[in-house]
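Structure, as structure tokens:
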Amino acid sequence: MDRYLIGVDIGTTGAKSMLISESGRIIAHAYAGYEMRTPSNGRCEQDAEDWWRAVVKTVRAVASEPRFAKNVVALSLSLQGGTLVPVGVKGEPLQPAVVWSDKRCKTQRAAFAARFGEDYMYQRTGWRLSAGLNAMQIAWIRENRPDIFEKTAMFLSVPDYISLRMTGRAVVDISDVGINQLADIRRGAYDEGILDFCGINEHALAEIQPSATPIGKLLPLAAAELGLPRNTLLVTGAHDQYAALLGAGITQSGDVLIGTGTAWVVTALCDNPDFASGFSQSIPAAGNWGSMVSLSAGGVCLDWFRNNIASSEQEGGLPYSIINEMAAQRRIGASGLMFYPYFSGSSFPISMPEGKAVIVGLDFSHDRYDIARAIMEGIAMQTAWVLEYFREKYSIRKLKLSGGASKSALWTQMVADIAGCTVTTPNMSDLACVGAAVMAGVGSGVFPSCEEGIARIVVEENEYQPDPARVERYQEHFREYKRRAELLPQLYC
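Residue numbers (this note's numbering): 31 to 523.
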């Protein structure tokens, strides 16, 4: 009888669970959503109990058959990072969780920068100083909710809250503690300067452990709620981008994953950290270091076009199938149009924090499908621009593209042609769940390593080869695209 593993992805909008056998078969998956509350401008909150209820619902769903449930040996987690929940002495949430995207902490961010400088946080945690994330959120609670601050036994993030709930032990993995902005990830220990600024000590925080490390067996109550055996082991997981990296089979330096969703995220495995790049740095479950950059306005640009430009009351948003079909009929370079997806400003490759999105070259000959193609090409060129930086450091061995854009052959081919390299797309969603399940297998001894664990899971892939003729045509267009981009900051100075 096969042993079984469960990978759980606790995201910003919902939780997913996946049941995988030790032989690599994907048995079942389930999803449960939860609410994001925005009580005022710039504030984003969630009920931590919603995370637990969604985990229980999805785990019970995938392990509903007794023949599977009784043979589950371990589970692990893929997590949203940088979300904070203060808890009391019994582990109970004392207020709604402050989500990573919350921006209430601008005063605290300014105070930290004045005391330590802009670069201190990045050099310690691998993530640039933010107006959100756990460190600034704790400082905000201390200054604005002293009643909550005094009652708090522990300041937890999603992995350690769920860990405490499942095992009675609060543990956070190294990749999540980085984005929480409380620890020096090169030392794997909490940073005294940051903790002093927050007004806490490390006893108020979770233990730090590497990914794929055993935490402990489920508490009797947790096991009963989840419908799993009491001897089921919880194993440390990883930040969702790094769980997805493992789920995509990326385990060696020089391999790159482009995750395409609302944002496009480029994550590369490397031998050493690269704090000179300005990209987020972290320690993955497989490989030595990971370097990540997010293009905050990626897929959302096409959503904006579909819902606000190419829509009507009669037809609603233009179907993506039609956008792909018609944009494919337009010429490379969209008849001279260039789109710069800076809806939320830009930090890389152009530093333009107050910038806005721009369409250049529009005239009466263009229609909405020319604009659609320009948007798709613009995002692909931004991505290829990031890849150029990585190529200065090392050759790219493998480039994979996952998420919404991977369903578009046109968009994926654009990335291959503009970047000039082969792109593969896994025929599987929920890669973060797959990565979490592999970590569960490693921590429980089912798999000898992450590399061998992910090798057991067979995922069919589509392959897109760069077309020499299109590559040549895009080269000049890309050069002009970058030249014009360099001029844009003058519009917003």
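Even for Gly, the Cβ is constructed at its ideal location relative to N, Cα and C.
For clarity, every value in this text was computed on a predicted model and none was experimentally measured.
| query | result |
| --- | --- |
| Could you name the residues of the same chain whose beta carbon sits closer than 8 angstroms to that of R199, not counting the 5 residues immediately before and after it, in chain order? | S193, E237, I245, G246 |
| Would you say N337 and S438 are within 9 angstroms of each other, going by their C-beta atoms? | no |
| Does the Cβ of A219 have 16 or more other Cβ atoms within 10 Å, making it buried, or fewer, making it exposed? | exposed |
| For my contact list, W170 and R195 are in at a C-beta cut-off of 8 angstroms; report their separation, rounded to the angstrom. | About 24 angstroms separates the two Cβ atoms, so there is no contact after all. |
| Using only CA atoms, which one of M458, Y61, Q412, A99 lies nearest to D255? | The residue you asked about is not Asp; residue 255 is Glu in the sequence shown. Looking at the Cα atoms, A99 is the closest of the given residues. |
| Thinking C-alpha only, which one of I448, D149, R514 is nearest Q309? | As written in the sequence, residue 309 is Phe, which differs from the Gln given in the question. When only C-alpha atoms are compared, the closest one is D149. |
| Is it the case that the Cβ atoms of A144 and G277 are separated by a distance below 9 angstroms? | no |
| Chain C beta carbons: is any one of them nearer than 9 angstroms to that of A253? | Note that chain C does not occur in the displayed structure, where there is just one protein chain. |
| Could you give the DSSP three-state label for R67: helix, strand or coil? | strand |
| Can you name, in chain order, every residue of its own chain whose Cβ lies under 7 angstroms from the Cβ of A357, other than the five neighbours on each side? | Y399, A402, R403, M406, L440 |
| Is the beta carbon of V207 sitting closer than 9 angstroms to the one on T243? | no |
| For a test of the three-state rule: what should DSSP assign to V464, helix, strand or coil? | helix |
| Within the same chain, show all residues whose beta-carbon is closer than 8 angstroms to that of Y522, passing over the 5 residues directly before and after it, in chain order. | M382, E384, G385, K386 |
| Where do the N-terminal and C-terminal ends of the alpha helix (DSSP H) with I230 fall, by residue? | Segment: none, I230 is in no alpha helix (DSSP H) and carries neither H nor E. |
| May I ask you to verify whether the region 84-103 touches the region 257-272, counting CB pairs closer than 8 angstroms and requiring at least 3? | yes |
| Which of helix, strand or coil does DSSP assign to W441? | helix |
| When burial is assigned at 16 or more other CB atoms within 10 Å of the CB, is P69 buried or exposed? | exposed |
| Quick check on D333: does DSSP put it in helix, strand or coil? | helix |
| Only counting the same chain, and skipping five residues up and downstream in sequence, which positions put a Cβ closer than 8 angstroms to that of L367? | I389, V390, G391, L392, H396, D400, I401, R403, A404 |
| Assuming the contact rule is C-beta atoms closer than 8 angstroms, V296 and M322 should be a hit. Round their C-beta distance to whole Å, please. | 7 angstroms |
| Does F394 pass the burial test, meaning 16 or more other C-beta atoms within 10 Å, or should it be called exposed? | exposed |
| So the alpha helix (DSSP H) G483 belongs to, where does it begin and stop? | 480-486 |
| Hey, which unbroken runs of the beta strand (DSSP E) at 3 residues or more fall wholly within the region 200-282? | 201-203, 237-239, 244-247, 263-269 |
| Along the chain, where does the alpha helix (DSSP H) that runs through M411 open and close? | 398-423 |
| Tell me the rounded alpha-carbon separation between G347 and C331. | 13 angstroms |
| Kindly confirm or deny that the region 109-117 and the region 35-46 touch, where touching means at least three C-beta pairs closer than 8 angstroms. | yes |
| Once DSSP output is grouped into helix, strand and coil, what is the label at F475? | It is Gly, not Phe, that sits at residue 475 in the sequence shown. Residue state, collapsed to three classes: coil. |
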